[in-house]
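What follows is a short report on a single structure.
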Amino acid sequence: MKKINSRPASLKEAPFHYCPGCGHSIVHRLVAEVIDEMKLREKSICSLGVGCAVVAYKYFDVDTVEAPHGRAAAVATGIKRVRPENIVFTYQGDGDLAAIGTAETLHAANRGELITVIFINNAVYGMTGGQMAPTSLVGQKTTTSPAGRNPLKEGYPLKFSEVLALLGGSSYLERVAVNNPANIRKAKKAIAKAFQHQKKKSGFSVVEILSPCPTNWRMSSVESCRWIDEVMTKVYPLGVIKEKKC
Amino acid sequence: MKKINSRPASLKEAPFHYCPGCGHSIVHRLVAEVIDEMKLREKSICSLGVGCAVVAYKYFDVDTVEAPHGRAAAVATGIKRVRPENIVFTYQGDGDLAAIGTAETLHAANRGELITVIFINNAVYGMTGGQMAPTSLVGQKTTTSPAGRNPLKEGYPLKFSEVLALLGGSSYLERVAVNNPANIRKAKKAIAKAFQHQKKKSGFSVVEILSPCPTNWRMSSVESCRWIDEVMTKVYPLGVIKEKKC
Amino acid sequence: MLIKTVFSGFGGQGVLSMGHTLASAAMLEGKYVTYFPSYGAEVRGGTANCTVSISDEEIASPVASQPDFVVSMNQPSFLRFQSLVQSGGLILVNSSMVNITSVRGDIEVVEIPTSELAEKLGNLKVANMIILGVFIKVSNITPFTLLLKNLPAILGEKRSRLLKINKEALELGFNYLQG
Amino acid sequence: MLIKTVFSGFGGQGVLSMGHTLASAAMLEGKYVTYFPSYGAEVRGGTANCTVSISDEEIASPVASQPDFVVSMNQPSFLRFQSLVQSGGLILVNSSMVNITSVRGDIEVVEIPTSELAEKLGNLKVANMIILGVFIKVSNITPFTLLLKNLPAILGEKRSRLLKINKEALELGFNYLQG
Amino acid sequence: MSGTSTIGEAAIQAGCKYYFGYPITPQNALPEYMAQRLSEVPGGVFLQAESEIAAINMLLGASVAGARAMTSSSSPGISLKQEGISYMAGQELPAVIVNVMRGGPGLGTIYPAQSDYFQSTRGGGHGDYRTVVLAPDSVQELADMTALAFDLADNYRTPVIVLADGVLAQMMEPVRIPSRKRKKLPAKNYILTGAKGRPSRIIHSFTMDPKEQEDHNWKLVRKYKQIEQREVRYESFLLEDAEMVVVAYGTAARIAKGAIKRLRKENLKVGMIRPITLWPFPTKIIQETVKYIHDFFVFEMSAGQMIEDVRLSLEGKGRIHFYGRPGGVIPAPVELYRIISRHYYQSKRKKGR
Amino acid sequence: MSGTSTIGEAAIQAGCKYYFGYPITPQNALPEYMAQRLSEVPGGVFLQAESEIAAINMLLGASVAGARAMTSSSSPGISLKQEGISYMAGQELPAVIVNVMRGGPGLGTIYPAQSDYFQSTRGGGHGDYRTVVLAPDSVQELADMTALAFDLADNYRTPVIVLADGVLAQMMEPVRIPSRKRKKLPAKNYILTGAKGRPSRIIHSFTMDPKEQEDHNWKLVRKYKQIEQREVRYESFLLEDAEMVVVAYGTAARIAKGAIKRLRKENLKVGMIRPITLWPFPTKIIQETVKYIHDFFVFEMSAGQMIEDVRLSLEGKGRIHFYGRPGGVIPAPVELYRIISRHYYQSKRKKGR
Amino acid sequence: MKGTIHIKQELCKGCSLCMEFCPKGSISLSKKLNLKGYFLAEFDDKKGCTGCATCALMCPEIAIEVYRG
Amino acid sequence: MKGTIHIKQELCKGCSLCMEFCPKGSISLSKKLNLKGYFLAEFDDKKGCTGCATCALMCPEIAIEVYRG
Ligand SMILES: Cc1ncc(C[n+]2csc(CCOP(=O)(O)OP(=O)(O)O)c2C)c(N)n1
Ligand SMILES: Cc1ncc(C[n+]2csc(CCOP(=O)(O)OP(=O)(O)O)c2C)c(N)n1
Ligand code: SF4
Ligand code: SF4
Ligand code: SF4
Ligand code: SF4
Ligand code: SF4
Ligand code: SF4
Ligand SMILES: [Mg+2]
Ligand SMILES: [Mg+2]
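Chains as they are written, first to last, in the working numbering: chain U, 18 to 263; chain G, 18 to 263; chain W, 49 to 227; chain H, 49 to 227; chain F, 3 to 355; chain X, 3 to 355; chain P, 23 to 91; chain B, 23 to 91.
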């Protein structure tokens with residue numbers, strides 16, 4: 018019998034440190050597969066946000082810099098402006114990108130920086146232990162919203178991709194999820210498309226990925242996947258949010 | 018004959034330091050008139066942004082604090098959370114609020130902070146001498162876009178009110194202008210409505226005001242008013258952008 | 049006398065609550081006590097541990113570079129801490145999950161088949177309390193009765209329905225080595 | 049010899065370019081020169097001024113607390129600087145816009161009806177160059193020919209069509225007091 | 003109680019009803035505590051800000067409105083607050099800022115360190131200003147210093163920094179939370195409440211006239227001098243017969259104390275000065291001590307920052323030994339004991355010669 | 003050429019093709035110059051960032067990509083850059099940061115001041131790090147120091163701060179822009195270019211293991227020691243026969259020089275030490291000078307910050323006189339002349355006694 | 023309706039907005055400079071001012087007092 | 023189509039996603055712990071594995087090798 022799958026070449030050998038069932042691990046593989054398939058390994062530069070994936074440089078076998086929390090898009094801007102021939106992407110969590118990094122992300126999008134943002138939306142601050150994120154759902158209990166997110170005090174879940182889609186410089190935005198096989202396949206396609214938009218110099222591209230965080234959701238991995246379907250996608254509908262011709 | 022107009026009580030006697038034909042002066046008067054008419058002088062607290070109006074505390078006869086550049090919404094949040102019974106408003110330029118203050122403004126809106134933002138959009142950094150603002154128009158020449166704003170490098174004019182309108186916490190957003198008598202009357206009504214939304218605890222309210230900056234537009238006052246009609250409103254259409262029932 | 053104990057294992061094995069339970073009891077006794085958890089929240093997937101220091105005088109450092117006692121719930125933590133424990137010290141190991149190898153001659157090792165015992169009680173989650181019971185017995189570090197008395201306070205109202213099983217587990221452990 | 053001159057007036061009266069024109073000529077002459085504009089860009093509506101220091105040796109401060117010469121294009125600046133100018137110093141005033149009052153006895157005041165002169169040339173904007181011409185004559189601070197020679201460089205290509213009128217203005221001023 | 007909960011509870015007991023912060027290890031348990039507890043306090047507000055910058059400015063706003071309020075963070079987050087702190091110092095606004103230091107520079111480690119000493123004591127922000135810096139060394143002192151911080155902040159209208167680290171924040175120790183015994187504090191006649199029955203008030207930061215700014219700065223300097231005269235706090239330990247003095251603060255001082263106890267057992271005469279206020283620094287006691295003790299041993303969990311204040315205090319007198327562990331390593335008392343004893347014997351030998 | 007244009011042109015001549023900044027008075031003419039000039043340089047990029055934080059991080063990105071790049075700002079904006087600077091120091095990334103200081107704290111004034119000395123030299127950010135700080139005193143030196151800043155940054159892989167103020171930035175003086183005479187600099191074998199034909203590279207900031215972080219920090223310390231040994235720069239002026247030494251930098255030093263010339267005319271024997279590198283501070287020359295001159299007169303356009311480094315250098319020797327003008331006031335040479343001569347005579351009298 | 027206006031000279035900055043929008047053309051720019059250096063707006067009461075106050079509405083400086091009756 | 027899989031024990035974290043989505047129910051959670059303390063996924067080749075690789079697609083840890091043929 019023939020082995021029909023293998024670890025992507027753009028991933029180093031190190032086992033992931035993420036919790037069991039964590040979406041980061043799945044997304045890492047997808048990003049690496051796309052880089053492999055598009056032959057971008059030797060061209061890619063990753064600007065890494067701070068979050069559970071802060072040491073993703075242990076996994077991605079591409080040139081990588083760790084940006085200060087929230088500033089990955091600004092760092093990527095600096096890189097891309099110096100090296101327009103490279104493929105530059107950020108890898109950021111929802112807290113990183115939609116809270117502290119709001120301005121950097123929004124303005125990079127508005128300027129149409131030719132970078133790709135891999136946006137892990139797990140509705141929570143994973144790394145710091147499960148605090149409320151701007152993306153947390155109404156009623157979601159977190160360590161800093163122990164009674165559940167109250168929209169009147171803490172606001173509504175921020176649909177940041179929809180915000181970015183409004184901007185002139187953004188070219189491609191799609192929301193995907195990694196909670197079942199079909200969605201995982203779509204997620205991979207979306208990542209490929211985003212890189213394509215960058216290659217074609219069409220504008221800023223974002224793949225928002227609804228990603229399970231069983232640990233901080235206090236659910237099993239399987240429950241987490243179901244929660245994405247049943248609850249999260251109701252607030253964050255999957256699909257293409259914006260796509261310029263390119 | 019009877020005198021039919023007078024200086025609003027909520028303005029101190031000091032003559033404005035603004036350039037001839039500057040929209041800030043007009044807006045100051047409108048805000049003060051609304052405060053007078055709604056009897057809010059003894060309840061209002063102003064959180065002042067940094068821009069040409071940085072010394073607006075010399076004019077407004079209400080309690081005023083000078084916030085760090087861009088952070089007026091965060092400062093206002095702190096005030097309002099401590100004193101929910103007061104009327105808290107910010108007075109900010111487009112650079113203050115839509116560039117350095119992007120995150121603070123957007124998240125205050127998303128949280129539905131019960132504050133009112135008076136947003137002076139003059140498509141330029143006035144105070145620092147006419148640099149490009151996020152709101153500058155395509156092709157607009159500024160001291161930092163000497164060849165005119167190039168959307169491919171510097172992005173498209175940021176329609177920040179439209180961005181804020183997307184957020185769950187914003188209650189009332191209207192774009193007005195102070196370039197002719199009819200528009201000035203509408204502007205005043207919009208300011209009153211915004212305060213009304215705050216009083217009714219309906220959510221975050223914004224009045225975006227297209228405001229002439231003859232100095233940095235390198236136009237006469239009259240030309241500036243015309244430019245707002247003929248060019249600026251084409252990019253920033255006037256009218257209510259969002260209005261929750263309240 | 050200053051005694052430092054490290055409780056260690058995987059996250060999820062309840063090592064922090066073992067330490068917390070002990071520390072609280074010792075505080076009741078009026079001792080100087082510090083409790084210091086490892087905090088790896090920014091780094092996923094590590095092993096968890098905590099250090100309880102109990103003394104008759106002020107405690108300098110809440111950290112133990114050379115603990116007197118170690119309670120080790122899994123293999124990696126056993127490997128790590130068996131080399132740190134003081135000469136003459138003691139390691140309590142969860143033999144259900146630890147293959148004891150390369151042990152130093154100058155320390156004592158006590159093996160407890162914690163998981164099996166916990167299964168007897170019908171609740172794998174109280175393995176930590178069982179081994180804590182054993183530890184109290186072996187170390188004689190704080191009065192067992194005090195620890196039991198303090199249990200309701202530790203569990204709080206929310207988890208008061210777990211009081212019985214935890215008590216049982218502690219007692220099972222405390223009496224284990226007698227049998 | 050260190051000579052400090054302040055040019056002052058409203059923003060828009062061209063006081064900064066007066067100073068700049070003088071400073072550039074003096075640099076050509078090989079002198080130590082500093083030019084220091086007031087920068088009130090963050091504060092609207094003030095008066096503008098700049099200081100030109102010309103010396104045979106290194107210049108300590110580009111700022112003048114007690115200028116030797118003042119060229120004053122409007123009333124507020126006249127009031128401000130007439131009290132600062134050094135004893136024995138000189139003030140050139142734009143008498144079209146300044147009501148000379150409360151003048152000290154120990155300084156010289158020269159009045160130039162700049163606006164009227166500029167009207168003669170048909171361009172109110174060159175009032176500054178007229179008074180600069182007078183100033184060069186009166187102060188003898190730098191060779192007039194050098195200043196004229198340098199004018200094209202100062203104006204640059206963009207404003208080269210203004211060369212003629214500026215030259216005329218300078219000359220009108222330079223020769224004014226002779227008449 | 004854990005260090006973080008202790009800070010939180012002490013703040014609440016001191017009348018703090020408003021917390022603004024942004025998560026960062028190793029102090030997350032503090033905002034988490036406040037999220038829970040402030041929901042139980044009438045009128046209490048816990049607000050997770052979108053960033054440290056937003057948090058410090060919300061704090062500024064709350065202070066302007068007259069409230070006792072606090073924020074907390076750890077090193078990188080504190081860097082982001084520097085502009086806001088400079089504003090509050092300039093605007094003379096009281097505020098309490100807790101820094102649970104971790105190893106740096108950059109993202110660094112999450113482990114305890116003391117390398118933000120310069121930033122805290124010299125003003126990491128711009129302009130001529132100082133902040134009071136309190137450095138507790140136990141959970142009990144976390145409680146006491148937090149309470150004190152609010153009083154000092156209000157009394158002098160100035161931001162106060164409580165400087166802790168990952169050890170103090172995470173550890174549990176028995177503690178008694180001080181109940182609110184308000185010192186008589188000046189009335190807050192500057193705060194913004196709406197100009198009812200009085201002229202409108204201004205809390206400004208910009209000044210048009212440099213002379214006015216200068217006067218303001220000298221006024222600040224006079225205030226700082228007053229604080230330097232009145233508010234110095236330190237602990238001295240076994241100084242009487244000492245032949246060597248350890249200078250250390252916070253967690254490092256705890257560890258040093260353990261080392262000194264061991265040293266004493268072997269009759270090595272070592273004492274300690276533990277600055278509790280890092281600014282104002284306890285210069286005088288050091289100057290007095292050097293009159294009869296020659297050797298100073300500075301121990302910091304950094305590459306050496308407080309040592310500068312010790313040198314400034316000593317003015318060339320005495321001899322300084324230094325031991326630093328930067329980056330998050332927590333040395334054991336026994337390690338320090340060995341190092342100190344080595345230096346101790348070296349000094350003896352030198353003196354012997 | 004104006005100070006700001008000079009910095010810009012010198013940067014471009016030094017091979018800087020990337021500028022990232024955010025407007026703030028009194029340095030706006032610099033970004034404005036770069037906006038124009040970099041559009042003429044092939045591949046040049048001028049980018050007005052949305053904030054100072056974005057700007058410093060774009061700079062970080064450009065540095066990571068191997069480019070010579072710069073940012074500039076003024077005091078409040080520099081405070082906001084502290085986290086980024088700490089990152090770059092930790093990640094050992096070269097960068098040039100220009101601070102045109104204005105009066106503070108807070109928004110303060112737009113007028114020239116020197117009150118960011120502590121922030122620049124002690125690391126306003128968190129963690130154990132230093133930045134090289136260059137303090138020019140003329141437009142010519144603005145050019146020279148800007149060029150030098152790029153070389154030092156690349157040579158030591160460290161952020162370098164050029165510390166100017168509103169006087170230097172706004173004034174015009176004759177200047178010769180140094181053309182690019184590249185010192186032999188180490189190859190940039192760490193930069194990110196895409197992992198083509200080599201293993202992938204990592205520029206990280208986070209370390210899991212405190213021991214690893216500690217090693218890194220000590221490595222930084224060794225680098226800083228090397229810089230301290232090699233890169234001290236200062237100007238000494240009329241020291242030979244002096245009886246009093248003024249210590250001042252930047253604009254303050256210019257003014258002091260004017261004052262000293264006057265004093266000399268009246269036979270008051272005053273000289274000057276002008277630190278050009280504020281960090282590393284020229285400690286040695288001060289230590290040598292105090293061997294034969296007793297009186298040191300420190301003059302700063304602040305309430306007194308560099309004076310600490312002078313005190314650290316003097317180690318209790320000599321006597322320090324201080325004159326400070328914080329908040330944006332530019333004193334005249336004659337004012338300083340009067341103050342210095344008063345102190346001079348007082349000292350003489352004391353010595354006489 | 024008949025009206026008149028009074029322009030406060032020390033406040034006027036000569037921006038011309040009042041004259042631009044006055045329906046009666048009652049205001050024009052004079053050649054007179056005020057102390058701040060601005061050419062002043064000048065009212066001509068022979069142009070049939072109605073006291074509509076449009077000028078005051080437009081005036082940034084609150085320099086115009088309108089009388090009606 | 024017939025298939026089989028190999029689960030790398032040292033990588034598996036027992037998250038159960040493979041078994042949840044395996045159309046054939048070929049994988050289940052064993053009682054065996056690995057060194058990291060996780061219960062391991064266990065393959066049962068009698069359940070008719072088709073080599074569809076769904077399990078590998080889901081596995082976060084890249085712990086599953088799929089063979090087909
Ligand atoms: C300036 C700064 N503030 C705060 C932190 C602490 N911090 C680290 S990761 C993180 C948020 C992580 O959440 P997210 O971006 O959603 O990533 P996730 O862990 O959920 O994948 C925070 C607040 C930091 N490192 N730096
Ligand atoms: C942290 C900080 N960065 C920059 C500045 C300088 N600054 C003052 S006002 C301003 C922008 C003004 O533009 P805008 O907000 O549009 O107001 P306007 O003057 O146009 O009314 C800037 C950049 C500052 N004061 N603080
Ligand atoms: S905390 Fe959540 S996001 Fe972080 S590794 Fe664990 S599961 Fe993944
Ligand atoms: S610069 Fe523009 S915005 Fe500022 S006062 Fe002048 S006209 Fe108004
Ligand atoms: S009141 Fe009306 S008619 Fe009269 S001057 Fe003013 S705008 Fe003209
Ligand atoms: S609108 Fe006002 S300021 Fe403008 S010209 Fe008329 S009166 Fe003067
Ligand atoms: S390959 Fe398909 S059938 Fe086989 S075990 Fe995996 S999911 Fe099940
Ligand atoms: S999906 Fe992978 S990690 Fe999860 S149980 Fe299956 S084999 Fe193990
Ligand atoms: Mg997240
Ligand atoms: Mg603006």
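Even glycine gets a Cβ: it sits at the ideal position worked out from N, Cα and C.
{"Query": "Members of the region 50-83 of chain U near chain F, C-beta cut-off 9 Å", "Result": "VAL67, VAL71, GLU83"}
{"Query": "Host beta strand (DSSP E) of X/ALA197 (start-end)", "Result": "That residue, X/ALA197, is in no beta strand (DSSP E); it is neither H nor E in DSSP."}
{"Query": "Environment of P/HIS28 [buried if 16+ CB atoms lie within 10 Å]", "Result": "exposed"}
{"Query": "Beta carbon of F/VAL164 nearer than 8 Å to that of F/VAL100", "Result": "yes"}
{"Query": "Sequence-distant residues of the same chain with beta carbon closer than 7 Å to H/ARG152, five excluded per side", "Result": "GLN130"}
{"Query": "Any non-hydrogen atom of ligand 1 closer than 7 Å to G/GLU179 Cβ", "Result": "no"}
{"Query": "Span separating the alpha-carbon of W/VAL63 from that of W/ILE160", "Result": "15 Å"}
{"Query": "Interfacial residues, the region 100-127 of chain H to chain P, with Cβ spacing under 9 Å", "Result": "MET121, ASN122, GLN123, PRO124"}
{"Query": "Nearest candidate by alpha-carbon position, reference X/ALA276, set X/GLY106, X/ARG327, X/ILE287", "Result": "First, the amino acid is wrong: residue 276 of chain X is Arg here, not Ala. The shortest Cα separation from X/ARG276 among X/GLY106, X/ARG327, X/ILE287 belongs to X/ILE287."}
{"Query": "Closest Cα partner of X/PHE120 within the set X/VAL135, X/PHE208, X/SER207", "Result": "X/VAL135"}
{"Query": "Within 8 Å, strictly: CB atoms of X/ARG104 and X/SER75", "Result": "no"}
{"Query": "B/LYS53 to U/ALA73 span [Cα, whole Å]", "Result": "31 Å"}
{"Query": "As assigned by DSSP and simplified to three states, the class of H/VAL146", "Result": "coil"}
{"Query": "Ranges of the alpha helix (DSSP H) found wholly within the region 90-138 of chain G, counting only runs of at least 4", "Result": "119-128"}
{"Query": "Interface residues of the region 215-238 of chain X facing chain F [CB-CB below 9 Å]", "Result": "GLN215, GLU216, ASP217, HIS218, ASN219, TRP220, LEU222, VAL223, TYR226"}
{"Query": "Expected contact under 8 Å - CB spacing of H/MET66 and H/ASN176 to nearest Å", "Result": "5 Å"}
{"Query": "Chain-ordered chain G contacts of P/LEU33 [CB-CB under 9 Å]", "Result": "PRO32, PHE33"}
{"Query": "Under 8 Å from the C-beta of F/LYS267: neighbouring residues of chain W", "Result": "Here the premise fails: no neighbours, minimum Cβ distance about 12 Å."}
{"Query": "Cβ neighbours of X/ARG344 in the same chain (closer than 6 Å, five flanking residues each side left out)", "Result": "none"}
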